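Asks:
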Amino acid sequence: MKDNNCDMEARTEAASAPNGCAVRLTGITKRFGSVTANSNITMDVRRGEVLALLGENGSGKTTLMNMLSGIYYPDEGTIEINGEAASIRSPKDAFDLGIGMIHQHFKLVDVFTAAENIVLGLPGKSSLNMRAVRERILEICKKYGFDVDPDRKVYNMSVSEKQTLEIVKVLYRGADILILDEPTAVLTPQETERLFDVIRNMRADGKSIIIITHKLHEVMEISDRVAILRRGEYITTLETKDADEKTLAEAMVGEKLSLNIDRPEPHGLVKRLEVKGLSCVDPEGVPTLTDISFSAYGGEILGVAGISGCGQRELLESIAGLESTLPGSSVLYYPDDGEPEELIGKSPREIRSLGVALSFVPEDRLGMGLVGSMGMTDNMMLKSYNSGAPVFLHKKDPSALAGSVRDDLGVVTPSLSTPVRRLSGGNVQKVLVGREIAEAPTVLMTAYAVRGLDINTSYAIYKLLNEQKEKGVAVIYVGEDIDVLLELCDRILILCGGVVSGIVDAASATKEEIGLYMTKAGGPSPAPSEKGDDVC
Amino acid sequence: MKDQTAKTESKRDPLVRLVKRDSVSAARSVIVHAAAILLAMLVCGIFFVIVTDSSIIEIYSAMVSGTIRNSITVNSFFKEACMLLIIAVGLAPAFKMSFWNVGGQGQVLAGGMAAAMWLYYLGNKLPNAAIIPLMIISAAVGGGIWALVPAIFRVKFSTNETLFTLMMNYIAIQLVKYLRITWSPIHALGMISRKAGSMPSLFGNQNGWIYVIAAVAVIMMYVYMNKTKHGYEISVVGEAPNTARYAGISEFRVIIRTAFISGAICGLAGFLYVSAIDHTISETMGGGYGFTAVIVAWLAKFNPIFMTLISMLISFIRSGSSEIVSRNTTTLDSSIANINIGIFLFFMLGCEFFLNYKIVFRGGKEAGK
Chain A
108 MKDNNCDMEA
118 RTEAASAPNG
128 CAVRLTGITK
138 RFGSVTANSN
148 ITMDVRRGEV
158 LALLGENGSG
168 KTTLMNMLSG
178 IYYPDEGTIE
188 INGEAASIRS
198 PKDAFDLGIG
208 MIHQHFKLVD
218 VFTAAENIVL
228 GLPGKSSLNM
238 RAVRERILEI
248 CKKYGFDVDP
258 DRKVYNMSVS
268 EKQTLEIVKV
278 LYRGADILIL
288 DEPTAVLTPQ
298 ETERLFDVIR
308 NMRADGKSII
318 IITHKLHEVM
328 EISDRVAILR
338 RGEYITTLET
348 KDADEKTLAE
358 AMVGEKLSLN
368 IDRPEPHGLV
378 KRLEVKGLSC
388 VDPEGVPTLT
398 DISFSAYGGE
408 ILGVAGISGC
418 GQRELLESIA
428 GLESTLPGSS
438 VLYYPDDGEP
448 EELIGKSPRE
458 IRSLGVALSF
468 VPEDRLGMGL
478 VGSMGMTDNM
488 MLKSYNSGAP
498 VFLHKKDPSA
508 LAGSVRDDLG
518 VVTPSLSTPV
528 RRLSGGNVQK
538 VLVGREIAEA
548 PTVLMTAYAV
558 RGLDINTSYA
568 IYKLLNEQKE
578 KGVAVIYVGE
588 DIDVLLELCD
598 RILILCGGVV
608 SGIVDAASAT
618 KEEIGLYMTK
628 AGGPSPAPSE
638 KGDDVC
Chain B
19 MKDQTAKTES
29 KRDPLVRLVK
39 RDSVSAARSV
49 IVHAAAILLA
59 MLVCGIFFVI
69 VTDSSIIEIY
79 SAMVSGTIRN
89 SITVNSFFKE
99 ACMLLIIAVG
109 LAPAFKMSFW
119 NVGGQGQVLA
129 GGMAAAMWLY
139 YLGNKLPNAA
149 IIPLMIISAA
159 VGGGIWALVP
169 AIFRVKFSTN
179 ETLFTLMMNY
189 IAIQLVKYLR
199 ITWSPIHALG
209 MISRKAGSMP
219 SLFGNQNGWI
229 YVIAAVAVIM
239 MYVYMNKTKH
249 GYEISVVGEA
259 PNTARYAGIS
269 EFRVIIRTAF
279 ISGAICGLAG
289 FLYVSAIDHT
299 ISETMGGGYG
309 FTAVIVAWLA
319 KFNPIFMTLI
329 SMLISFIRSG
339 SSEIVSRNTT
349 TLDSSIANIN
359 IGIFLFFMLG
369 CEFFLNYKIV
379 FRGGKEAGK
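Which chain is which? The protein sequence lines are A and B, in order.
When we follow the numbering used here, the leftmost residue of the first sequence carries the number 108, and every step to the right adds one.
When we follow the numbering used here, the leftmost residue of the second sequence carries the number 19, and every step to the right adds one.
1) Can you pull the chain B neighbours of A/LYS490, defined as C-beta to C-beta under 8 angstroms?
2) Output the boundary residues of the beta strand (DSSP E) element that contains B/CYS284.
3) Spatial neighbours of A/SER330 within its chain, please: C-beta separation below 6 angstroms, excluding the five flanking residues on both sides.
4) Can you tell me whether DSSP reads B/LEU102 as helix, strand or coil?
5) Near A/PHE202, which residues of its chain fall below 6 angstroms by C-beta distance, leaving aside the five closest residues on each side in sequence?
6) Using 8 angstroms as the limit for Cβ to Cβ distance, is A/VAL498 near chain B?
7) Which word fits A/ARG238, buried or exposed, when buried means at least 16 other C-beta atoms lie within 10 angstroms of its C-beta?
8) Could one say the Cβ of A/PRO455 lies closer than 8 angstroms to chain B's Cβ atoms, at least one of them?
9) Assess, as a yes-or-no matter, whether the region 127 to 145 of chain B is touched by the region 290 to 306 of chain B under the definition of 3 or more beta carbon pairs within less than 8 angstroms.
10) Would you say B/TYR139 reaches chain A, if we count a Cβ-Cβ gap shorter than 8 angstroms as a contact?
11) Straight-line CA distance for A/TYR624 to A/LEU161?
12) Can you check which of these residues, A/ASP444, A/TYR492, A/CYS387, is closest to A/SER436 by C-alpha distance?
13) Look at the alpha carbon of A/ARG307 and the alpha carbon of B/ALA45, and state the distance between them as a whole number of angstroms.
14) Report the option in B/ILE189, B/ALA148, B/VAL173 whose CA atom is closest to the CA atom of B/GLY161.
15) According to the Cβ coordinates, are B/ILE359 and B/MET131 closer than 8 angstroms?
16) What residue range does the alpha helix (DSSP H) around B/LEU184 cover?
17) Assess, as a yes-or-no matter, whether the region 418 to 433 of chain A is touched by the region 473 to 493 of chain A under the definition of 3 or more beta carbon pairs within less than 8 angstroms.
18) When the Cα atoms are used, what is the spatial distance from A/MET359 to A/LYS168?
19) Mapping the DSSP letters down to three states, classify A/GLU352 as helix, strand or coil.
20) Kindly indicate which three-state DSSP category B/ARG172 falls into: helix, strand or coil?
21) Smallest Cα separation from B/MET239: which of B/ALA106, B/GLU370, B/TYR375?
22) Closer than 8 angstroms, CB to CB, is A/GLY418 near chain B or not?
23) Among the residues of its own chain, which have a CB less than 6 angstroms from the CB of A/LEU450, if the five just before and after it don't count?
24) May I ask you to list the residues that DSSP assigns as paired with A/CYS603?
25) Counting only the same chain and skipping the five closest in sequence on each side, list residues whose C-beta sits under 8 angstroms from that of A/LYS537.
26) Reducing DSSP to helix, strand and coil, say where A/MET150 ends up.
27) Where does the unbroken alpha helix (DSSP H) through A/MET327 begin, and where does it stop?
28) Are the C-beta atoms of A/TYR180 and some chain B residue less than 8 angstroms apart?
29) In whole angstroms, what separates the C-alpha of B/GLY122 from that of B/ALA112?
30) Are there three or more Cβ pairs, one per stretch, closer than 8 angstroms when the region 248 to 262 of chain A is compared with the region 286 to 299 of chain A?
31) Classify A/THR549: buried if its beta carbon has 16 or more other beta carbons within 10 angstroms, exposed otherwise.
32) In three-state terms, what does DSSP make of B/GLY208?
33) Mind listing the chain B neighbours of A/SER437? Cutoff is C-beta to C-beta under 9 angstroms, in chain order.
34) Using a threshold of 8 angstroms, state whether the C-beta atoms of A/GLY184 and A/THR133 are closer than that.
35) Take the Cβ of A/GLY428 as the centre, count every other Cβ of all protein chains shown within 10 Å, and call the residue buried at 16 or more, exposed below.
36) Report the partner residues of A/TYR440 according to the DSSP bridge assignment.
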C-alpha cells in the first residue's frame with residue numbers, strides 16, 4: 108500500500124498502475140463575482156478508494172465537485188483524469204470521462220419509471236430496447252447489491268429509493284468516479300447502512316468514490332482518506348485510520364473544539380402541552396397519526412425520534428394548527444394563568460399568539476418559513492407584520508431584531524437586506540431559528556434544526572435550545588441523529604408508523620433501546636399501513 | 019471507442035463559455051440598458067432607411083418631430099405612454115404574486131363596457147358630475163370581475179390562470195362586438211352628445227386627467243407594493259406559498275384581493291378610453307396595450323419608475339413610426355410601429371442576458387458588455 112502515493116514520480120505510471128490517481132486537481136480556483144469559492148486547490152483521488160470531502164458550510168466542497176462533474180468550469184487550474192489532462196465542459200464530458208455525481212437534490216422525472224429515467228438523455232438508436240435496458244439495470248443491481256425495480260415510477264419511490272436510482276443511473280453510464288453530495292442527509296440509520304454496504308462493494312470493484320458529508324462518525328466509518336477544505340482552501344488530506352473525530356473537526360474548523368453537548372438538569376417543570384388522542388389522515392385517507400398522547404413541560408427538552416416519515420411532521424403541524432385533525436383529537440395548552448386552552452380548531456395565527464412557536468426546518472429550508480428573495484429584516488416580520496397600526500408596514504422593530512439575530516447567532520450576511528437565498532444553508536437556518544426564538548415562545552418546536560449544518564453551527568443551535576430550556580420554555584426537538592437526541596434531550600418520544608411506540612428517559616436510555624422502539628419492537632401494535640413502500 | 023473521441027475533443031478549453039455573474043452593479047445595469055436602447059434605435063433607423071429610401075438623419079428627425087412637433091403630437095405621445103403605464107401598473111401586483119395575468123386586454127374591455135353602459139342608458143339624462151363617478155366605479159368593478167373569475171378558479175380548482183385570463187380576453191372581445199350592434203347609438207356618434215360622460219379637461223388640457231391618474235396610479239402602486247402589509251403578503255404568497263401558509267397568511271384571500279385590484283386598475287384604463295379618448299367602445303380599444311403592458315411590467319421588474327420610462331420609450335417609437343408612415347403613405351402602413359416596438363423589446367430582453375452572464379473566450383479574454 109505504500110506506493111499508491113500519488114506523488115510526482117508516481118504520476119506518469121498512474122494511468123496503468125492499479126492504485127493510481129483517478130482524479131488529480133492542480134491549482135483549481137473558482138470565483139463567483141467577488142467571492143472566491145475555491146482557491147488554488149491541489150488534491151487527488153486514488154482509484155478504488157472512498158475519499159471523504161469534509162468542510163463546513165460554504166467551504167467550497169460542492170463547488171469543487173461541480174467542476175468535476177461539468178456544471179462549473181474552473182477559472183484557473185487543471186484537472187487530470189486517470190493521468191490525462193481533461194477539460195470538463197459539460198456534464199456530458201464528465202460522463203464520457205466516467206465521472207458521475209449524485210446531487211443532494213435528485214434530478215429525476217417523477218412520472219417516468221426507474222428504467223426510463225436511467226436511459227433518459229443517452230444517445231441511441233431510434234428504437235429503444237427496454238428489455239435490454241432492464242436486464243442491464245438488474246445486472247448492475249445484482250453486482251453491487253442495489254434494490255431497484257426498473258418499472259417503478261419515481262413518484263412512488265421513497266427518498267432512499269430515489270437516491271439508489273441516481274447511483275444506478277451513473278453506474279449505467281459507466282461511471283468509475285462517483286461523487287455523492289451529502290447522501291446520508293436524507294437517510295435513516297438503516298438506509299445509511301445499506302448505502303455504505305453498496306459503497307464498499309463499489310470500492311471493491313475498483314471505483315473511486317468521493318463522499319461529501321458533515322457527519323464525522325460516517326467519515327470514520329466509510330472513508331479511506333479524508334480531504335479537508337476550509338473557507339475555499341485545501342487544508343490537508345488525512346488517512347482515516349490515523350484520525351479521530353476530534354482531530355477532523357478541529358482541522359475543519361481551524362480551532363480547538365469540545366464535542367460535548369450540555370444537558371443542564373431540568374428544574375421547575377410546568378405542564379405546557381397535553382396532547383390527547385391526536386389522529387390525522389393524509390389526503391388519501393391513510394392514517395398518518397393514530398391516537399397520539401403525551402405531555403410537554405416547560406423547562407425540558409422533549410426529543411422526538413423515529414424513522415423519517417413516521418408522523419413527525421404531521422405531529423408538529425397539527426399542534427401548530429397547520430394540519431387538520433380527526434374528531435376526538437385534543438391539544439391542551441396550559442398558560443401561566445387561567446384555564447387550559449384547546450388548540451385544535453384554532454388558526455395558526457391564534458395558536459402562535461398564545462406563544463406556541465414552530466420552527467419547522469423542512470428539507471427545503473427556504474420553502475417553508477422564509478422568503479428567499481427577501482432580506483433578513485423582511486423575513487423577521489413574517490409572523491408579526493400584521494401587528495401595529497393598520498395598512499402600512501412597520502420595519503423598525505424587525506430591523507432591530509434582524510440586527511440582534513445577526514450579532515447573537517453570528518449570521519454571515521453582507522447586509523440585512525441581502526436576499527436570504529444568497530446566504531449559505533447554515534446561515535439561512537440561523538435566521539429561521541433565531542426568529543422563532545426571538546418571539547419568546549413558551550413552546551418551541553423544531554424539526555431537523557441541524558440537518559445539513561456544520562459542526563459549529565449545530566453546536567450553536569444546541570446551545571440556543573438549552574438556553575430556551577433554562578428559561579422555562581417547553582422545547583420539542585424532532586431529530587434524526589440518535590446520539591444527539593440522547594445527549595441533548597431530557598425525555599425522548601419515539602414515533603413509529605404514526606403511533607407513539609415509547610417515551611424514554613434520555614439519561615438512562617441506550618441507542619439500541621431507541622432503535623428497537625423505532626422499529627416497533629416493544630411498542631404497541633403498528634398502525635395498518637396501506638402504503639406498501641412506507642419506510643415504517 | 020466513444021470514450022477516445024471524447025477525450026481528444028475535450029483536451030482544449032471551450033472556445034466560448036458563459037459565466038454567471040454574482041451581482042450586477044447599478045452603473046453596469048444603466049450602461050447595458052442604455053447600450054441596448056441605442057442599439058435598438060440604430061436598428062429601427064436602419065430598418066426605416068431600407069424601407070423608405072431616406073437618410074438616417076431624416077429618419078431620426080422625423081421620429082423626433084412626430085413626437086414633439088406641436089402640442090397635439092406631444093399630448094398624443096404622453097397619452098399613449100400613460101395608458102400603457104396604467105395597464106402595466108395594474109398587471110404588476112398580479113405578476114409579483116406569481117399570478118400570470120395576461121388578460122389585461124379583456125379587463126380593459128370589461129371596464130370599458132361597464133363604463134359605456136351608463137353612457138348608453140343615462141348618457142343624456144344625468145349630469146356628468148353624477149355619471150362619471152358611476153362610470154369609474156363600474157369600470158373598476160367590471161375589470162376586477164374579469165380578473166376575479168380566473169382567480170377564483172385558480173384557488174378553488176387549481177386551474178391555470180394564464181390560459182384562463184387569456185381566454186377571458188376573447189369573451190370580452192366578442193361581448194364588445196355584440197354590444198356595438200345593440201348599443202348602436204354610442205357607435206353612431208351624435209346620438210349622444212359628445213359631452214355626455216366625457217372627462218372634463220384639466221389645466222386646460224383634454225388629457226389632463228389621464229396624466230394625473232397615471233401619476234397617482236404609479237405612486238400608489240409603489241407605496242402599496244413596498245410599504246403596506248398587503249404588498250408584503252403579495253411578495254410572500256408569490257414567492258413562497260408554503261411559507262405563507264406557515265405564517266398564517268391566507269393565500270385564498272390574498273390572491274382574490276390582488277387579482278381584483280389588478281383587474282380593477284385595467285378596468286379603469288378601459289373607463290379612460292371610453293370617457294376621455296374614444297367616446298365609444300370597440301374591440302380594438304387600447305390597441306393591444308393589454309399585452310404590451312405585460313412586457314413593460316416584466317422588463318421593469320415591477321419597478322414603477324422603470325415602467326414609466328419604458329412606457330415612454332414605446333410611446334416614442336409609436337409616435338415616431340406613425341410620423342414616418344404618414345410621410346410614406348403609399349409604401350407603409352401603421353403596423354410598422356409594431357415592428358419597431360418588437361425590435362426595441364428584442365434588445366431590451368436580450369440585454370438581460372448580458373447583465374446576468376459574461377462571455378469568456380478561450381485564453382481567458384473576457385468579452386465586454
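Cβ coordinates follow ideal geometry from the N, Cα and C atoms, glycine included.
Computed from a predicted model, the values in this text were never measured in an experiment.
Replies: Looking at the atomic coordinates:
1) Within the first sequence, numbered from 1, the residue matching residue 490 of chain A stands at position 383. Within chain B, the residues near A/LYS490 are ALA265, GLY266.
2) Here residue 284 of chain B refers to the residue found at position 266 of the second sequence. Unbroken run through B/CYS284 is the alpha helix (DSSP H), 269 to 290; no beta strand (DSSP E).
3) On the first sequence, position 223 is the one that residue 330 of chain A refers to. Once the five neighbours on either side are set aside, the close Cβ partners of A/SER330 are VAL157, ALA159, THR347.
4) Residue numbering aside, residue 102 of chain B sits at position 84 when the second sequence is read from its first letter. DSSP places B/LEU102 in helix when its eight states are reduced to three.
5) Locating residue 202 of chain A in the first sequence gives position 95, where the first residue counts as 1. Contacts found: ARG280.
6) Against the first sequence, residue 498 of chain A aligns to sequence position 391. So, interface residue.
7) Numbered from its first residue, the first sequence carries residue 238 of chain A at position 131. The residue is exposed, with fewer than 16 neighbouring Cβ atoms inside 10 Å.
8) For the purposes of this step, residue 455 of chain A is taken as the residue at position 348 of the first sequence. So yes, A/PRO455 belongs to the interface.
9) yes
10) Translated into positions along the second sequence, residue 139 of chain B becomes position 121. Answer no: the Cβ-Cβ gap between B/TYR139 and chain A never drops below 8 angstroms.
11) Here residue 624 of chain A is taken as the residue at index 517 of the first sequence, counted from 1. Here residue 161 of chain A is taken as the residue at index 54 of the first sequence, counted from 1. So the two alpha carbons sit approximately 32 angstroms from each other.
12) Taking the first residue of the first sequence as 1, we reach residue 436 of chain A at position 329. The shortest Cα separation from A/SER436 among A/ASP444, A/TYR492, A/CYS387 belongs to A/CYS387.
13) Within the first sequence, the letter at position 200 stands for residue 307 of chain A. Within the second sequence, the letter at position 27 stands for residue 45 of chain B. Straight-line Cα distance between these residues: approximately 54 angstroms.
14) To locate residue 161 of chain B, count along the second sequence from 1; it is residue 143. Out of B/ILE189, B/ALA148, B/VAL173, B/ILE189 has the C-alpha closest to the C-alpha of B/GLY161.
15) Numbered from its first residue, the second sequence carries residue 359 of chain B at position 341. Numbered from its first residue, the second sequence carries residue 131 of chain B at position 113. No, Cβ-Cβ distance for B/ILE359 and B/MET131 is not below 8 angstroms.
16) Locating residue 184 of chain B in the second sequence gives position 166, where the first residue counts as 1. Its alpha helix (DSSP H) spans residues 179 to 200.
17) no
18) Stepping through the first sequence from its first residue, residue 359 of chain A is reached at position 252. Stepping through the first sequence from its first residue, residue 168 of chain A is reached at position 61. Cα to Cα, the separation comes out at about 12 angstroms.
19) Taking the first residue of the first sequence as 1, we reach residue 352 of chain A at position 245. Three-state DSSP puts A/GLU352 in a helix.
20) For the purposes of this step, residue 172 of chain B is taken as the residue at position 154 of the second sequence. Looking at B/ARG172 - three-state DSSP - the assignment turns out to be helix.
21) Here the question's residue 239 of chain B lines up with position 221 in the second sequence. It is B/ALA106 whose Cα lies nearest to the Cα of B/MET239.
22) Working through the first sequence from its first residue, we reach residue 418 of chain A at position 311. Cβ-Cβ to chain B under 8 angstroms: no for A/GLY418.
23) Position 343 of the first sequence, counting from 1, holds the residue named residue 450 of chain A. Contacts found: VAL438, TYR440, ILE458.
24) Residue 603 of chain A sits at position 496 when you count from the first residue of the first sequence. A/VAL606.
25) As a working note, residue 537 of chain A is residue 430 in the first sequence. Around A/LYS537: VAL512, LEU516, GLY517, VAL518, THR564, ALA567, ILE568.
26) Mapped onto the first sequence, residue 150 of chain A falls at position 43. A/MET150 falls in the strand class under three-state DSSP.
27) Within the first sequence, residue 327 of chain A is the residue found at index 220, counting from 1. From DSSP, the alpha helix (DSSP H) with A/MET327 extends over 323 to 329.
28) Translated into positions along the first sequence, residue 180 of chain A becomes position 73. Output row for A/TYR180: interface = yes.
29) On the second sequence, residue 122 of chain B is found 104 positions in, with the first residue counted as 1. On the second sequence, residue 112 of chain B is found 94 positions in, with the first residue counted as 1. Taking the straight line from one Cα to the other gives about 11 angstroms.
30) no
31) Taking the first residue of the first sequence as position 1, residue 549 of chain A is located at position 442. With 16 or more Cβ atoms within 10 Å of its Cβ, A/THR549 is classed as buried.
32) On the second sequence, position 190 is the one that residue 208 of chain B refers to. A caution first: B/GLY208 carries a pLDDT of 42, below 50, which makes its placement in the model too unreliable to give a value.
33) Counting from 1 along the first sequence, the entry for residue 437 of chain A is found at position 330. Residues of chain B passing the Cβ test: none, with the nearest at roughly 22 angstroms.
34) On the first sequence, residue 184 of chain A is found 77 positions in, with the first residue counted as 1. On the first sequence, residue 133 of chain A is found 26 positions in, with the first residue counted as 1. In contact: A/GLY184 and A/THR133 (Cβ atoms closer than 8 angstroms).
35) Counting from 1 along the first sequence, the entry for residue 428 of chain A is found at position 321. It counts as buried.
36) The sequence position of residue 440 of chain A within the first sequence is 333, counting from 1. Beta-bridge pairing links A/TYR440 to A/LEU380, A/GLU448.
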